[in-house]
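Chemist: Residue numbers (my numbering): 30 to 181.
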Amino acid sequence: MLHQAAHRGPRHPPAPHRPRAQPSGPLKVCRQKAVTTSPEAGAKHWQALEYGGPEWQKIYFRLRNSVEGYNGYAKNPLAEGIESAGSRRIRGIAAQTILLAFQLAHANRRKIRKWLDTLALGGERPRRRTHHRRQTKERKTWTPTGHLAATA
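1. Starting from the Cα of R157, find the closest Cα among T165, P106 and D146 and give me that residue.
2. In the DSSP output, which residue or residues are listed as bridge partners for T172?
3. List in chain order: all unbroken alpha helix (DSSP H) runs of 4+ residues lying wholly within the stretch 63-123.
4. When the Cα atoms are used, what is the spatial distance from M30 to I122?
5. Give the DSSP-derived three-state secondary structure of M30 in the structure shown.
6. Please name the residue in A134, C59, S95 and R93 whose C-alpha comes closest to that of I111.
7. Which residue from N137, T172 and Q76 puts its Cα closest to that of P68?
8. CB Y102 to CB K140, shorter than 8 Å?
9. Quick check: the Cα distance between K73 and N105, rounded to an integer number of angstroms?
10. Leaving out five residues before and five after W85 in sequence, what residues of the same chain have Cβ atoms less than 7 Å from its Cβ?
11. Compute every distance between the C-beta of N94 and the non-hydrogen atoms of the ligand ATP, then say whether any falls below 7 Å.
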């Protein structure tokens, strides 16, 4: 019978080394129930708003909505289509990440160009941005079996 370590290959690394118990017992940091830090040490984790408070929620959800809106913009299948990995036909996570970065850079450039087109330059009036809203039907025309046909 072969030794178990002989069966380990590159996909099966040896078991991690476990430290032996010390005669003096566990370290102090493992025995104590609380840790006290100075204000300077915790300064990098300081937040201006109390986590979960009403003001925090107002700002958090506004920022979250803008991020999700941009994700929808970048996932547009007629533009970058980042949701579809088929648009990045290359193998490997590093290559996929680099191509995704290029797609996001293009989405940023497209969004900035669209914004620049709305600016008033040289005394011109600002241009309105087009809204791509879906045409909706009146609520009065809906029935459980579908919309009523328009009568002329």
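Backbone N, C-alpha and C fix where the C-beta goes; we use that ideal spot for every residue, glycine too.
Predicted model only: the values in this text are computed from it and were never measured.
Modeler: Looking at the coordinates:
1. The count along the sequence shown starts at 1 and reaches residue 157 at position 128. That would be D146, whose Cα lies nearest to the Cα of R157.
2. The residue given as residue 172 occupies position 143 in the sequence shown. Answer is G175, bridged to T172.
3. 68-71 and 83-103
4. To locate residue 30, count along the sequence shown from 1; it is residue 1. To locate residue 122, count along the sequence shown from 1; it is residue 93. At M30, the pLDDT of 47 sits below 50, so the modelled position is not reliable; the number obtained from the coordinates is stated separately. Roughly 40 Å separates the two Cα atoms.
5. Looking up residue 30 in the sequence shown gives position 1. Unreliable placement is indicated for M30, whose pLDDT of 47 sits below 50; no coordinate value is reported for it.
6. Here residue 111 corresponds to residue number 82 of the sequence shown, with the count starting at 1. Taking only the C-alpha atoms, the option nearest I111 is A134.
7. Taking the sequence shown and counting its residues from 1, one reaches residue 68 at position 39. Looking at the Cα atoms, Q76 is the closest of the given residues.
8. As a position in the sequence shown, residue 102 is number 73, starting the count at 1. As a position in the sequence shown, residue 140 is number 111, starting the count at 1. Contact: yes.
9. As a position in the sequence shown, residue 73 is number 44, starting the count at 1. As a position in the sequence shown, residue 105 is number 76, starting the count at 1. Looking at the two C-alpha atoms, the distance is approximately 37 Å.
10. In the sequence shown, the residue the question calls residue 85 occupies position 56. For W85, where only same-chain residues beyond five positions count, the Cβ hits under 7 Å are L78 and E79.
11. For the ligand ATP, the structure offers nothing, since it holds no ligand at all.
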